[in-house]
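In this note's numbering, the protein residues as written are 612 to 892.
Where is the CB? At the ideal position from N, CA and C, for every residue including glycine.
Quick notes on the structure that follows.
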Amino acid sequence: MITGQCLCGTVRWRIEGPVAPPSHCHCTMCRKAHAAPVVSFTACAAEDFDWIAGEEAIVAYPSSPGFIRPFCGLCGSALPGTTPEPDEISVPMGNLDGEPGLRGGRHIFTADKLPWVVIPAGAECSAGHPPGADLPERPGPDRPDAAPAGQLRGSCLCGATAYELSQIPEFYNCHCSRCRRARAAAHTTNGVVALAALYFTRGEDRVSLFRLPGAKRFGQAFCVTCGSGLPRRDTQFGTAIVPYGSLDTAAPGPGWHIFTASRAPWWQIADELPQYPERRP
Numbered sequence: 612m613i614t615g616q617c618l619c620g621t622v623r624w625r626i627e628g629p630v631a632p633p634s635h636c637h638c639t640m641c642r643k644a645h646a647a648p649v650v651s652f653t654a655c656a657a658e659d660f661d662w663i664a665g666e667e668a669i670v671a672y673p674s675s676p677g678f679i680r681p682f683c684g685l686c687g688s689a690l691p692g693t694t695p696e697p698d699e700i701s702v703p704m705g706n707l708d709g710e711p712g713l714r715g716g717r718h719i720f721t722a723d724k725l726p727w728v729v730i731p732a733g734a735e736c737s738a739g740h741p742p743g744a745d746l747p748e749r750p751g752p753d754r755p756d757a758a759p760a761g762q763l764r765g766s767c768l769c770g771a772t773a774y775e776l777s778q779i780p781e782f783y784n785c786h787c788s789r790c791r792r793a794r795a796a797a798h799t800t801n802g803v804v805a806l807a808a809l810y811f812t813r814g815e816d817r818v819s820l821f822r823l824p825g826a827k828r829f830g831q832a833f834c835v836t837c838g839s840g841l842p843r844r845d846t847q848f849g850t851a852i853v854p855y856g857s858l859d860t861a862a863p864g865p866g867w868h869i870f871t872a873s874r875a876p877w878w879q880i881a882d883e884l885p886q887y888p889e890r891r892p
């Protein structure tokens, strides 16, 4: 049996049956929905899937025909959802519990891959959906691809919220278990800017903030309509934390990995960036 839960633990589920090999998706819609550079999924038969708790907290967002992207309305974590494949549940792997025993897998929608993401040598790849999948193409969000020099722009998947940065962050990859649950992905890629460098151009009233109980600094900001992760203000330290996956404009890639001691067992780090078991010294 495989189990999973959202960041706040309100929504929990289980799978009692076989699951598909991983699919690591690079499409722009998954990046937006999870605010992560790449999102890993498995799948199971609908009859083998059960919600254990928290169904009342689930918000469903139809991102495209046949694709429902549920998320926890309390903490914003992406949750298992449906696809046009009949009787199948698509399950993000980042918020699975423990060791699901899955390895390898195919990288899909590599035509949309961020230039700095390195796919492991020998991995199977598809520019779009896997070969033989009779699924509609996923339209990407229509967003501006340019910003004035020294600025970045970003938005959520549904477009209700948008923001600008007047400062270019230094980005890093975080593999801690909290980030995995928050983004429902193998890791998140975040950057930090001065608080005054973040400005929401629309929809700031659509942003919800979840603060993880017991954590000094950890939290998650997300769109209440589509669940997409968004920049979070940390007024205590005078900074804003910016998820790379929410960007619309090109930005420098991350410079290092942190908390690699907590790396998901099914994810392989294939680049040559410095790695730190916990925080960067």
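Q: Pick helix, strand or coil for Thr693, following the three-state DSSP scheme.
A: The residue given as residue 693 occupies position 82 in the sequence shown. Of the three classes helix, strand and coil, the one that applies to Thr693 here is strand, per DSSP.
Q.
For a minimum of 3 consecutive residues, which ranges assigned as the beta strand (DSSP E) are wholly contained in the segment 759-801?
A. 763-766, 773-776 and 781-785
Q: Please work out which residues of its chain come closer than 6 Å, Cβ to Cβ, to Gly679, disregarding the five sequence neighbours upstream and downstream, and give them in chain order.
A: Here residue 679 refers to the residue found at position 68 when the sequence shown is read from its first residue. For the sequence presented, residue 679 should be read as Ile rather than Gly. Taken in chain order, the residues that qualify are Ala671, Pro673, Gly692 and Thr693.
Q) Under three-state DSSP, which class holds Ser674? A) Numbered from 1 along the sequence shown, position 63 holds the residue referred to as residue 674. Three-state DSSP puts Ser674 in a strand.
Q | Beta-carbon proximity check, Pro854 vs Asn784, cutoff 8 Å | A | Numbered from its first residue, the sequence shown carries residue 854 at position 243. Numbered from its first residue, the sequence shown carries residue 784 at position 173. Their beta carbons are not under 8 Å apart, which means Pro854 does not touch Asn784 by this criterion.
Q: Can you have a look at Thr812 and say buried or exposed, based on whether 16 or more other CB atoms are within 10 angstroms of its CB?
A: Here residue 812 refers to the residue found at position 201 when the sequence shown is read from its first residue. Label assigned to Thr812: exposed.
Q. In the DSSP assignment, what are the bridge partners of His718?
A. The residue you call residue 718 lines up with position 107 of the sequence shown. Beta-bridge pairing links His718 to His635 and Cys736.
Q) In whole angstroms, what separates the C-alpha of Gly765 from that of Gly825? A) Here residue 765 refers to the residue found at position 154 of the sequence shown. Here residue 825 refers to the residue found at position 214 of the sequence shown. About 30 Å.
(Q) If distances are taken between C-alpha atoms only, which option among Arg625, Phe782, Leu768 and Glu666 comes closest to Asn706? (A) For the purposes of this step, residue 706 is taken as residue 95 along the sequence shown, with counting starting at 1. When only C-alpha atoms are compared, the closest one is Arg625.
Q | Anticipated Cβ contact below 8 Å, Ser839 with Ser857, distance rounded | A | Position 228 of the sequence shown holds residue 839. Position 246 of the sequence shown holds residue 857. That belief holds up - the Cβ atoms of Ser839 and Ser857 are roughly 6 Å apart, short of 8 Å.
Q) Taking the alpha-carbon positions, what's the Trp727 to Pro863 distance? A) Within the sequence shown, numbered from 1, the residue matching residue 727 stands at position 116. Within the sequence shown, numbered from 1, the residue matching residue 863 stands at position 252. Trp727 and Pro863: Cα-Cα distance of roughly 8 Å.
Q. How would you label Asp661, buried or exposed, when you count the other beta carbons within 10 angstroms and need 16 or more for buried?
A. As a working mapping, residue 661 is identified with position 50 in the sequence shown. Its Cβ having fewer than 16 others within 10 Å, Asp661 is exposed.
Q: Quick one: using the 10 Å Cβ neighbour count with 16 as the cut-off for buried, is Thr721 buried or exposed?
A: By one-based count along the sequence shown, residue 721 stands at place 110. When all chains shown are included, Thr721 counts as buried.
Q. Around the C-beta of Gly687, are 16 or more other C-beta atoms found within 10 angstroms, so that it is buried, or is it exposed?
A. Position 76 of the sequence shown holds residue 687. Buried is the call here.
Q | Helix, strand or coil at Asp845 according to DSSP, with G and I counted as helix | A | Stepping through the sequence shown from its first residue, residue 845 is reached at position 234. Three-state DSSP puts Asp845 in a strand.
Q) Going by DSSP, what residues sit across from Ile567 in a beta bridge? A) Residue 567 cannot be examined here, being either before or after the span of the chain that is shown, 612 to 892.
Q: Starting from the Cα of Val729, find the closest Cα among Pro892, Ile880 and Gly770 and give me that residue.
A: Counting from one through the sequence shown, the residue named residue 729 turns up at place 118. The residue with the shortest Cα to Cα distance from Val729 is Ile880.
Q. Among the residues of its own chain, which have a CB less than 6 Å from the CB of Cys641, if the five just before and after it don't count?
A. As a position in the sequence shown, residue 641 is number 30, starting the count at 1. For Cys641, where only same-chain residues beyond five positions count, the Cβ hits under 6 Å are Val650.
Q) Which residues does DSSP pair with Gln616 in a beta bridge? A) For this step, residue 616 is matched to residue 5 along the sequence shown. The partner list for Gln616 (beta bridge, DSSP) reads Arg623.
Q) When the Cα atoms are used, what is the spatial distance from Ala851 to Arg792? A) In the sequence shown, counting from the first residue as 1, residue 851 sits at position 240. In the sequence shown, counting from the first residue as 1, residue 792 sits at position 181. Cα to Cα, Ala851 sits roughly 20 Å from Arg792.
Q: Identify which residue in Gln831, Val835, Pro731 and Cys837 has its Cα closest to the Cα of Asp845.
A: Walking along the sequence shown from the start, residue 845 turns up at place 234. Answer by Cα proximity: Gln831.
Q) In chain order, what residues of the same chain have a beta carbon less than 6 Å from the beta carbon of Leu849, not counting five sequence neighbours either side? A) Position 238 of the sequence shown holds residue 849. Strictly speaking, residue 849 in this sequence is Gly, with Leu absent from that position. These residues qualify, in order along the chain: Leu806.
Q. When the distance is taken between beta carbons, is Thr860 closer than 8 Å to Leu763?
A. Counted from its first residue, the sequence shown places residue 763 at position 152. Counted from its first residue, the sequence shown places residue 860 at position 249. The answer is yes: Cβ separation under 8 Å.
**Q.** Sheet register partners of Val650 (DSSP bridge)
**A.** For the purposes of this step, residue 650 is taken as residue 39 along the sequence shown, with counting starting at 1. Paired residues: Cys636.
Q: Please report the residue range of the beta strand (DSSP E) in which Trp662 lies.
A: To locate residue 662, count along the sequence shown from 1; it is residue 51. Run containing Trp662: Phe660 to Ala664, per the beta strand (DSSP E) assignment.
Q: Below 8 Å on the Cβ atoms is my guess for Pro676 versus Thr653; work out the distance and round it to an integer in Å.
A: One-based indexing of the sequence shown puts residue 676 at position 65. One-based indexing of the sequence shown puts residue 653 at position 42. That belief does not hold up - the Cβ atoms of Pro676 and Thr653 are roughly 22 Å apart, past 8 Å.
**Q.** Span of the beta strand (DSSP E), counted from its first residue to its last, around Gly830
**A.** Mapped onto the sequence shown, residue 830 falls at position 219. Taken as a continuous stretch (DSSP letters only), the beta strand (DSSP E) holding Gly830 covers Gly830 to Cys834.
Q: Determine, using beta carbons only, whether Ala668 and Val622 come nearer to each other than 8 Å.
A: The count along the sequence shown starts at 1 and reaches residue 668 at position 57. The count along the sequence shown starts at 1 and reaches residue 622 at position 11. Yes.
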